[in-house]
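Numbering (my numbering), first residue to last: 28 to 296.
Glycine included, every Cβ here is placed at the ideal spot set by N, Cα and C.
Keep in mind it's a predicted model, so treat the numbers as computed, not measured.
Step one of this worksheet: look at the structure below.
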Amino acid sequence: MRALTHFNQNFGLVENLLQMFVLASGLVRNDDRTGSSEDAGTNDQTWAPFAANQQIALRVQSSTQVPPWLLEKGGLDFLLRQAVIAACTALESYFWDILAENALSIVRVRGSRTEPELRNLVLTLGEMVELEQLPSADERLERIVLKNFERGILSDATVIDKVARLFGVRDIWDDIARIADMDASIMRRMIGELVARRNQIAHRADRQEPSAPGQSGRLRPITYAWTISRVQSSRTVVTAASEVFQSITLDLANALHKRARRSSASTSP
């Protein structure tokens with residue numbers, strides 16, 4: 028499925044951000060600014076030791092201005108916050124893609140059995156005018172389905188339930204837990220916390236409520252352990268959900284194929 032391929036590509040950014048955090052964490056400044064071009068493997072600039080940790084040692088040109096946050100406690104936390112945002116984006120994109128790939132098949136096969144929020148969908152006048160410009164009824168039907176979710180996809184973890192119900196899955200978290208061999212309530216809670224933190228970062232720059240009017244709130248603490256557990260949960264959810272959806276999409280394809288054969292047989296002379 029393209030949706031899973033796209034998720035893995037998007038999740039690669041999450042892994043890169045976390046790897047960079049681990050690689051550069053705990054750097055200690057080296058005050059010995061002596062060094063030579065020969066030490067640095069170059070013959071045209073003077074380089075000097077700058078900082079090191081257990082993973083890497085940095086050398087910089089003597090004229091280089093190095094940002095102070097690189098060595099400050101919490102200076103690399105922005106990488107963790109970016110990983111949270113990237114993980115949510117990858118998760119959001121997966122459920123949007125899997126719905127977009129199958130929206131038309133779902134409605135054709137399940138018809139009026141789909142969820143009430145789809146049957147009772149209300150469109151704005153502008154959206155109705157936009158739909159009239161589409162050349163085929165199939166395209167209009169597909170766009171109507173997707174309109175139901177494009178404004179609210181992954182605003183919270185309950186949207187995952189809504190997408191799953193369109194596929195006929197009544198309790199996606201139980202299915203995910205069974206495949207991943209984990210507790211459903213824990214998985215749902217961790218995804219909820221991941222989404223909530225993304226929203227906090229996006230809308231408040233991850234700052235706490237100020238202690239007094241007019242004051243700027245401090246950044247909320249964030250740790251590697253908290254981040255890695257939540258973003259890995261998003262990968263677990265998608266990997267397990269893809270197994271659930273794969274069997275359903277196969278059933279949808281088979282149902283449409285049988286319907287097409289019956290239609291062809293009934294119109295044959």
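Near the ligand GTP: residue i beta-carbon under 7 Å from a heavy atom
i     : result
Ala51 : Although the ligand GTP was asked about, the structure shown includes no ligands whatsoever.
Enclosing beta strand (DSSP E) for residue i [first to last residue]
i     : result
Arg86 : Ala84 to Gln88
Cβ-Cβ distance between residue i and residue j below 8 Å
i      : j      : result
Glu220 : Arg257 : yes
Ser52  : Leu103 : yes
Val190 : Leu126 : yes
Arg37  : Ser120 : Checking the displayed sequence, the identity of residue 37 turns out to be Asn instead of Arg. Their beta carbons are under 8 Å apart, which means Asn37 touches Ser120 by this criterion.
Val271 : Asp188 : no
Leu24  : Arg167 : Nothing can be reported for residue 24: it is not among the residues displayed for the chain, which extend from 28 to 296.
Arg7   : Cys115 : Not covered by the structure: residue 7. The range shown for the chain is 28 to 296.
Val113 : Leu50  : Residue 113 is actually Ala in this sequence, not Val. No, they are not a contact pair.
Tyr251 : Leu107 : yes
Trp96  : Val87  : no
Arg137 : Leu283 : no
Trp328 : Ala211 : A question about residue 328 goes unanswered here, because the residues of the chain that appear run from 28 up to 296.
Leu26  : Ser269 : As shown, the chain starts at 28 and ends at 296. That puts residue 26 outside it, with no answer to give.
Cross-strand partners of residue i (DSSP beta bridge)
i      : result
Trp74  : Gln88
Val55  : Ala79
Arg234 : Leu246
Best match in the options for proximity to residue i [C-alpha to C-alpha]
i      : options                           : result
Leu246 : Ala229, Met209, Gln259 and Arg288 : Ala229
Ala184 : Val264, Lys285, Ala127 and Ala79  : Val264
Arg29  : Asn281, Arg288 and Thr276         : Thr276
Gln81  : Leu54, Leu45, Leu106 and Ala114   : Leu54
Pro76  : Arg170, Asn57, Leu161 and Val186  : Asn57
Thr205 : Arg137, Thr266, Trp253 and Phe194 : Correcting the residue identity first, residue 205 is Arg in this sequence and not Thr. The shortest Cα separation from Arg205 among Arg137, Thr266, Trp253 and Phe194 belongs to Thr266.
Leu181 : Trp123, Glu159, Gly244 and Trp200 : Trp123
Phe48  : Ala232, Ile249, Lys285 and Gly244 : Ile249
Ser261 : Leu98, Ile213, Gly244 and Glu157  : Ile213
Gln109 : Met209, Ala232 and Thr91          : Ala232
Ile171 : Ala280, Pro237 and Ile133         : Ile133
Val186 : Gln235, Leu118 and Pro237         : Leu118
Ile83  : Asp278, Arg286, Arg215 and Gln46  : Gln46
Gly244 : Trp253, Pro94, Val93 and Gln227   : Gln227
Leu40  : Val111, Arg216 and Val93          : Val111
Arg234 : His33, Phe105, Val93 and Leu98    : Phe105
Extent of the continuous alpha helix (DSSP H) run through residue i
i      : result
Arg225 : Ala211 to Arg231
Lys189 : Thr185 to Leu193
Ile330 : Because residue 330 is not part of the residues shown, which for the chain are 28 to 296, the question remains open.
Val134 : Asp104 to Arg137
Arg299 : It is not possible to answer for residue 299, since the shown part of the chain is limited to 28 through 296.
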